[in-house]
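Worksheet: one structure, shown below.
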Amino acid sequence: MLTARTLENKLSSLYKGGKIVGGVYLGTGQEALSASLGASLIKGRDCFSPLIRDQAGRTAFGEDMLDATRTHLGSARGPMRGRDGNIHRGRPHQGMPAMISHLGTAVSVISGMLIAKRMKGELDGIVGATSIGDGATSTGSFHEGLNMAAVENLPLVVVIADNQFAYSTPRNRQFACESLLERAVGYGVGGVEVDGTDLKATLAGMQQAVTSARQGFGPQLVVARLLRLCGHGEHDDASYVPQELRDSLMGRDCLEVGASQIIEDGLATAEDIEIWRKEAVEEVQEAVATAQRERGPDPYEEDWRATSVEGMQ
Amino acid sequence: MLTARTLENKLSSLYKGGKIVGGVYLGTGQEALSASLGASLIKGRDCFSPLIRDQAGRTAFGEDMLDATRTHLGSARGPMRGRDGNIHRGRPHQGMPAMISHLGTAVSVISGMLIAKRMKGELDGIVGATSIGDGATSTGSFHEGLNMAAVENLPLVVVIADNQFAYSTPRNRQFACESLLERAVGYGVGGVEVDGTDLKATLAGMQQAVTSARQGFGPQLVVARLLRLCGHGEHDDASYVPQELRDSLMGRDCLEVGASQIIEDGLATAEDIEIWRKEAVEEVQEAVATAQRERGPDPYEEDWRATSVEGMQ
Amino acid sequence: MSVTYIDAIHQAQLELLREDKTVFLYGQDIGDFGGAFKATKGFKEEFGPRVLDAPISEDAMIGMAVGAAINGMRPIVEMQFADFSSVAFNQLVNQAGTHYYRTGIPIPITVRMPCGGTPGSGPFHSQMVESIYAHYPGLVVVTPATVSDAYQLLKESVQLDDPVIFCEHKFLYRWLKSASIKGDGLPLGKARLTRAGKHATVVTYSAMVHEAVRAADRLAEEGWEIEVVDLRSVKPLDIDTVLASVARTGRLLALGEGFPWGGVTAEVVSRVVAEGFHLLDAPPLRLNAKDTPIPYHPDLWAAHRPTPESIVEKLRELLNL
Amino acid sequence: MSVTYIDAIHQAQLELLREDKTVFLYGQDIGDFGGAFKATKGFKEEFGPRVLDAPISEDAMIGMAVGAAINGMRPIVEMQFADFSSVAFNQLVNQAGTHYYRTGIPIPITVRMPCGGTPGSGPFHSQMVESIYAHYPGLVVVTPATVSDAYQLLKESVQLDDPVIFCEHKFLYRWLKSASIKGDGLPLGKARLTRAGKHATVVTYSAMVHEAVRAADRLAEEGWEIEVVDLRSVKPLDIDTVLASVARTGRLLALGEGFPWGGVTAEVVSRVVAEGFHLLDAPPLRLNAKDTPIPYHPDLWAAHRPTPESIVEKLRELLNL
Ligand SMILES: Cc1ncc(C[n+]2csc(CCOP(=O)(O)OP(=O)(O)O)c2C)c(N)n1
Ligand SMILES: Cc1ncc(C[n+]2csc(CCOP(=O)(O)OP(=O)(O)O)c2C)c(N)n1
Ligand SMILES: [Mg+2]
Ligand SMILES: [Mg+2]
């Protein structure tokens, strides 16, 4: 969480300083949710398809920070080699597909990864997970993917980050139910709702859902209420978010809540956290510096091939 | 209902006799449901987008029988002028769009028709309706359309004919919930479940839903359990439907159930029904004969234009 | 005072909304927010219920527009990015595109598609879509390259009774400025001779018109006079204007920013050779983007799409044939 | 004993399932029912969990296949009709098509597309889809015209590491018979000289190969020798074989059953004129279906698509040029 926040703050400044082109999309305020998911998964076994606001989940799942900085900065050495940018990255063979922009489409992809494991007899004890926003639940892809996963009774966890807005669009222009958890029954899947600003509650709910899926109870929906504490992208000031909402419990910073919970429970002291913060800053500095030293892709060396087999274009 | 059954039986023989090319798709066993819907709507005011198995609903809504026979037989004088066939017909300006084959896509179209009425200040007391099969609820289109209608709080009735199969695919390969009515809450819409083989119950449920929509309570889902008592199309013998299901209450013929209900309630006698049957036969004979006498479209007279404005192709 | 390409789109919509009560707007974040590119800024305030925020449901957005058009409205749908229209592909080609032919009832919908590449936009925020929609019967596909065309063609598109895929180029949004929004009044369906020449013709559209002009400028320094034809709409495709130009120059380069297989450039070349083979003094050539997804990195992106340099190079090849 | 085109598809899948445990099938009604066209009949019994009935969710079907391919499987997805792939368009072009370029990981999925017209099938059960998918980077598009190609190209497609759009023509399913399923072993990517000639070349693919041969037969009675080239795959497109033929005949007709704007025929003509302009003795022509949705009525349908008569007519035009 802390690392993700630190990294993302840095990415934001790099973007604002013109060092990152295209766009930067952050998960500020959603780190507790995302990290809870990543931390509940087992790297090397489970599959995880992160979405826009999942830096914390990526880190918790074990993504190398260099993958993030290299992809944002367009280094040829990143997993996307400058061909795709920012959050559109992954290492599919390490269980983490690289999202395309079209929302909702990852639900069926991650399901397919699980079906492959089932067919190969490797599904036992495995979980697949993906995140999605409140807005993206309006896509046909989300519906088709979740329904298919339910029919196949796959060990899939779909985490809905209901951050009250899709870009500028408030939830009442997006759906008409009270809570998106009300969708679970209609898909015949399990579900749990959590306060996404509360780290302990979120982690507990997430582990419950992941465990249910792991034990064979089929897809699980985790619906978290929270607020994104940044713009849709760093070009956006989110001025459409009403002040009352920012001031409400939903507007709490999960990082602060989490810190006090950790201290309260005696898991760490404020000093420990300060040390972690410094370590995170150092780690981020180094990952950024490394990526910045690296070259971008050389157009003249590109093979400009969209198929792996030669002669197929 | 009776008329629809009679017409469809005739269409089936015409198909089997090679007089109708392409395919013939019937609503046998679903007439009570479809007719209840058509009869609950007001022609000239409401909008109705019928689907595959809606001959009874079309008739009840007031579709001219010639539209059916002409379209099936490819007459140039039908509403589709031989350009489209069988159930792919409609009169959009009379409130009945002409379905395309892609399932689920009518939900948003009918919603758009209602939105237009709202913008023109003509929505008051109006209802829009469409039918859909259990299988088609798995389409992204269905999901997006119904969700959008819910957001707009449109007076829309979506009737799900859960006839246990989508072509040969049983419902447990299509969705994982118990009843599709469980989807209503997730969309934030009202709903009612009916026994589609029971005319009285179905009509009552339908009227309740249509009235709710008409009164401004937003979209309503009507879920009917029943069995299609024919093949997917007339090329299909439906041998995949287990005998136990055919023998169950769900396998009842709604037409027979309806007839005895009508007689029981003293609304008509068995003789009356016999007379209606004969009248229906005559009406069908005439509509078929008329369409058969008519020419198909002449390719040499076609203008082969896909746009209404000249020079736009 | 100068007007940008996006201003022109804004202004056209404003006038359409004011002049015709059956016009309404539907799209993601187009209400109070004014749209991802601010093309609808201020409209919610003035037109209230005629400016509707859509859920993230592109398929339903188009289905809805078709239904509304059946019942007498003239919806303008804004795709947030043209790339996302792939999700609405079915409703566009099969619902909207077939409606008039099947039923005899025209469907006056306009779908605004923010198209084309800008540095760093990557594979899913840079696509050109004119070629896939023009392939299907029943859709009109408009591709303005200038400020005044963005204005005038949008107005004509919305007034047209048939469905229009309106391809706006994002790169031009703020970069392209003009002293006036008023143009030469050339109607939808007519191509424009953007630059006269006599040694070769470049037929193109949208943002590539400007790259072609740049390339022509460079070659002019060497004495080559390159004619540039701006198609303005790729369906209808004004082959007469193209042929007239080829008749003057004898040489054709069809230029586009889309993927290289099929598409506008292939259609242009095929029609020219079928109808004007004898006019050609050299093989007609094509220049498109490369046959890979559109890369994120600006250096790759610049090499992926045609540039003034690669156009000059291709023109040299053509002039030497 | 004779084998039909659909038998060949059945047999190819049977062998693939037997030979490779990573091959599995996904599609609507393909299980116990054996598929709408019986292409998977009996497989559920023999291969159980490797033959999965899909819900009516084309978008998810392709997404699922991509995921399964990432994790080492080789899914064959059956679209019930190619026309319905419009709903999966996004997953096909943006998820499957971009995967290798973006990540370096190939996605061996094969999507079986029952394409093309039969009498009475109407606008939504008759479409050709090769041109829209070939337009996008990253997809291989295969279009077999013969029984042995249906068999062999399907086997090669599934064995290929890249995503393949496998366009089967429904009209050929039961109508086209052959004494043997074994062909000449021509690999995927190579076009075939179906019929030798010297006066003109028809370049085509899928069901139109047979219509072209019929047209050639008729013209042969008048002494014209027409060469017919079967592309077999439209991406890759074997332009060398096409050019070699045009070099012999000097005349080209590009023939296709798809919609006329853009597409295979435009791509063929454009490449031929770019690379073999000097080989041509006359303007290269095209013949496609008409630019309307595909009509239901058999009389309209027969006039909408190219027929031996209209091909003969077009060839006469070409021969007289
Ligand atoms: C199919 C599709 N349509 C539109 C977009 C453009 N878009 C990107 S993010 C976004 C808002 C997403 O909102 P939500 O799902 O709530 O996630 P959040 O950004 O709030 O995390 C939109 C509309 C897209 N990526 N995909
Ligand atoms: C998007 C799409 N995919 C596939 C089909 C082919 N298809 C036509 S009817 C049908 C089954 C429909 O089942 P259901 O919705 O339950 O309706 P029913 O036939 O049972 O009335 C299928 C798969 C289609 N028309 N549209
Ligand atoms: Mg959100
Ligand atoms: Mg059904």
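Protein chains in written order, with numbering that gives the first Met the number 0: chain A, 0 to 312; chain B, 0 to 312; chain C, 0 to 320; chain D, 0 to 320. Every residue, glycine too, gets a C-beta built ideally from N, C-alpha and C.
| said: Please tell me whether valine 150(A) has its Cβ less than 9 angstroms away from any Cβ of chain D. | reply: If you number the first sequence from 1, residue 150(A) lands on position 151. The beta carbon of valine 150(A) falls within 9 angstroms of a beta carbon belonging to chain D, placing the residue at that interface.
| said: With a threshold of 8 angstroms (Cβ to nearest heavy atom), would alanine 160(B) be considered close to ligand 4? | reply: For the purposes of this step, residue 160(B) is taken as the residue at position 161 of the second sequence. Yes.
| said: So, for alanine 183(B): in the same chain, excluding its five sequence neighbours on each side, which residues have a beta-carbon less than 6 angstroms away from its beta-carbon? | reply: Taking the second sequence and counting its residues from 1, one reaches residue 183(B) at position 184. Answer for alanine 183(B): Gly190 and Leu220, listed in chain order.
| said: Judging by CA-CA distance, which residue of Asn162(A), Arg117(A), Ile86(A) and Val126(A) is the nearest neighbour of alanine 31(A)? | reply: For the purposes of this step, residue 31(A) is identified with residue 32 of the first sequence, where counting begins at 1. Residue Asn162(A) is the option with its Cα nearest to alanine 31(A).
| Which residues in the same chain have their Cβ closer than 8 angstroms to the Cβ of methionine 95(A), if we skip the five residues on either side of it in sequence? | Numbered from 1 along the first sequence, position 96 holds the residue referred to as residue 95(A). So the list reads Cys46, Phe47, Ser48, Pro49, Arg57, Phe60, Glu62 and Gly89, once near-sequence residues are dropped.
| Residue range of the unbroken alpha helix (DSSP H) whose run includes glycine 275(D) | In the fourth sequence, residue 275(D) corresponds to position 276, counting from 1. Judged by DSSP secondary structure, glycine 275(D) falls within the alpha helix (DSSP H) whose first and last residues are 262-275.
| request: Could you tell me if the beta carbon of arginine 88(B) falls within a distance shorter than 8 angstroms of some heavy atom in ligand 2? | output: Residue 88(B) sits at position 89 when you count from the first residue of the second sequence. No, since every heavy atom of ligand 2 falls outside the 8 angstroms radius drawn around the Cβ of arginine 88(B).
| field | Interface partners of lysine 119(B) on chain C, CB under 9 angstroms | value | Locating residue 119(B) in the second sequence gives position 120, counting from the first residue. Residues of chain C whose Cβ lies closer than 9 angstroms to the Cβ of lysine 119(B) are, in chain order, Lys20, Thr21, Asn70, Gly71 and Met72.
| message | Any beta carbon of chain C sitting closer than 9 angstroms to that of alanine 165(A)? | response | Counted from its first residue, the first sequence places residue 165(A) at position 166. Cβ-Cβ to chain C under 9 angstroms: yes for alanine 165(A).
| Under 8 angstroms from any heavy atom of ligand 4, does the C-beta of alanine 35(D) make it? | Residue mapping note: residue 35(D) aligns to position 36 of the fourth sequence, counting from 1. Set against 8 angstroms, the gap from the CB of alanine 35(D) to the closest heavy atom of ligand 4 is not smaller.
| valine 227(C) at chain A interface by Cβ criterion, 9 angstroms | Here residue 227(C) refers to the residue found at position 228 of the third sequence. Residue contact with chain A for valine 227(C): absent (no Cβ-Cβ distance below 9 angstroms to any residue of chain A).
| For glycine 43(A) and glutamine 126(D), the rounded distance between their alpha carbons | On the fourth sequence, position 127 is the one that residue 126(D) refers to. On the first sequence, position 44 is the one that residue 43(A) refers to. CA-to-CA, the gap between glutamine 126(D) and glycine 43(A) works out to about 44 angstroms.
| query | Are valine 188(A) and alanine 149(A) closer than 9 angstroms when you measure CB to CB? | reply | Locating residue 188(A) in the first sequence gives position 189, counting from the first residue. Locating residue 149(A) in the first sequence gives position 150, counting from the first residue. Going by C-beta atoms, valine 188(A) is nearer than 9 angstroms to alanine 149(A).
| field | Simplified DSSP assignment, three categories, for histidine 92(B) | value | Within the second sequence, numbered from 1, the residue matching residue 92(B) stands at position 93. Histidine 92(B): helix per DSSP, three-state reduction.
| task | Go ahead and pull the three-state DSSP assignment for valine 65(C). | result | As a first step, residue 65(C) must be located in the third sequence, where it is residue number 66. In the structure shown, valine 65(C) sits in a helix (DSSP, three-state: H, G or I).
| query | Comparing the C-beta of glycine 316(B) with each C-beta of chain D, is any distance below 9 angstroms? | reply | This structure does not reach residue 316(B), given that chain B is present from 0 up to 312, and the question cannot be answered.
| said: Shorter than 8 angstroms, the distance from the beta carbon of aspartate 133(A) to the closest heavy atom of ligand 3, or not? | reply: Residue 133(A) sits at position 134 when you count from the first residue of the first sequence. The answer is yes for aspartate 133(A).
| What residues from chain E crowd round serine 120(D), counting only those whose CB sits closer than 7 angstroms? | Here chain E cannot be found, since the structure's protein chains are A, B, C and D.
| Reference leucine 187(D), options Trp174(D), Arg194(D), Ile164(D) and Met72(D), closest by Cα | Residue numbering aside, residue 187(D) sits at position 188 when the fourth sequence is read from its first letter. Comparing C-alpha distances from leucine 187(D) to each of Trp174(D), Arg194(D), Ile164(D) and Met72(D) shows the shortest one belongs to Ile164(D).
| Any C-beta of chain D under 9 angstroms from that of leucine 102(B) | On the second sequence, position 103 is the one that residue 102(B) refers to. Interface annotation, leucine 102(B): in contact with chain D, CB-CB separation under 9 angstroms.
| Is the distance from the Cβ of leucine 284(C) to the Cβ of leucine 251(C) below 9 angstroms? | Taking the third sequence and counting its residues from 1, one reaches residue 284(C) at position 285. Taking the third sequence and counting its residues from 1, one reaches residue 251(C) at position 252. For the 9 angstroms CB-CB criterion, leucine 284(C) and leucine 251(C) form a contact.
| task | Determine the extent of the beta strand (DSSP E) in which arginine 276(B) is found, giving its start and end residues. | result | In the second sequence, the residue the question calls residue 276(B) occupies position 277. Looking at the DSSP string, arginine 276(B) is not in any beta strand (DSSP E); the run it does join, the alpha helix (DSSP H), is 269-292.
| request: Over the uninterrupted beta strand (DSSP E) stretch that includes histidine 168(C), give me the two end residues. | output: Looking up residue 168(C) in the third sequence gives position 169. It spans 163-168 - the beta strand (DSSP E) in which histidine 168(C) sits, taken as one unbroken run.
| task | Please confirm whether any heavy atom of ligand 2 lies closer than 8 angstroms to the CB of leucine 179(A). | result | Residue numbering aside, residue 179(A) sits at position 180 when the first sequence is read from its first letter. No; taking the cut-off as 8 angstroms, the Cβ of leucine 179(A) has no heavy atom of ligand 2 nearer than that.
| When the cut-off is 9 angstroms and only beta carbons count, does valine 92(D) lie next to chain C? | Position 93 of the fourth sequence holds residue 92(D). So, interface residue.
| field | Continuous beta strand (DSSP E) assignments of at least 3 residues falling wholly in the segment 151-201 of chain B | value | Listed in chain order, they are 155-161 and 189-194.
| 8 angstroms contact criterion, which threonine 248(C) and threonine 200(C) should meet: CB distance rounded | Residue mapping note: residue 248(C) aligns to position 249 of the third sequence, counting from 1. Residue mapping note: residue 200(C) aligns to position 201 of the third sequence, counting from 1. Sure, about 5 angstroms apart at Cβ, within 8 angstroms.
| request: With 9 angstroms as the C-beta to C-beta threshold (strictly closer), list the residues of the segment 243-266 of chain C near chain D in chain order. | output: Taking 9 angstroms as the upper bound on Cβ-Cβ separation, chain D lies near residues Ala253, Gly257, Phe258, Pro259, Trp260, Gly261, Gly262, Val263, Thr264, Ala265 and Glu266 of the segment 243-266 of chain C.
| said: Counting only Cβ pairs nearer than 9 angstroms, list the residues of chain D close to arginine 172(B). | reply: On the second sequence, position 173 is the one that residue 172(B) refers to. Within 9 angstroms Cβ-Cβ: Gly30, Leu51, Asp52, Ala53 and Pro54.
| field | serine 130(B), DSSP secondary structure in three states | value | Stepping through the second sequence from its first residue, residue 130(B) is reached at position 131. In the three-state reduction of the DSSP assignment, serine 130(B) falls in the strand class, which pools E and B.
| task | Check the Cβ of aspartate 197(A) against every Cβ in chain D and list those closer than 8 angstroms, keeping chain order. | result | Here residue 197(A) refers to the residue found at position 198 of the first sequence. What aspartate 197(A) touches in chain D: nothing, since even the nearest Cβ is about 32 angstroms away.
| query | Quick one: what's arginine 73(C) bridged to in DSSP? | reply | Within the third sequence, the letter at position 74 stands for residue 73(C). Secondary-structure assignment with DSSP links arginine 73(C) through a beta bridge to Val22(C).
| query | At a cut-off of 8 angstroms, is phenylalanine 88(C) close to ligand 3 when judged by its beta-carbon and the heavy atoms of the ligand? | reply | Within the third sequence, residue 88(C) is the residue found at index 89, counting from 1. No, the beta carbon of phenylalanine 88(C) sits no closer than 8 angstroms to any heavy atom of ligand 3.
| request: Give the DSSP-derived three-state secondary structure of valine 140(C) in the structure shown. | output: To locate residue 140(C), count along the third sequence from 1; it is residue 141. It is a strand residue.
| Can arginine 227(A) be considered in contact with ligand 3, in the sense that its beta carbon sits closer than 8 angstroms to one or more heavy atoms? | Taking the first sequence and counting its residues from 1, one reaches residue 227(A) at position 228. Checking the Cβ of arginine 227(A) against ligand 3 gives yes.
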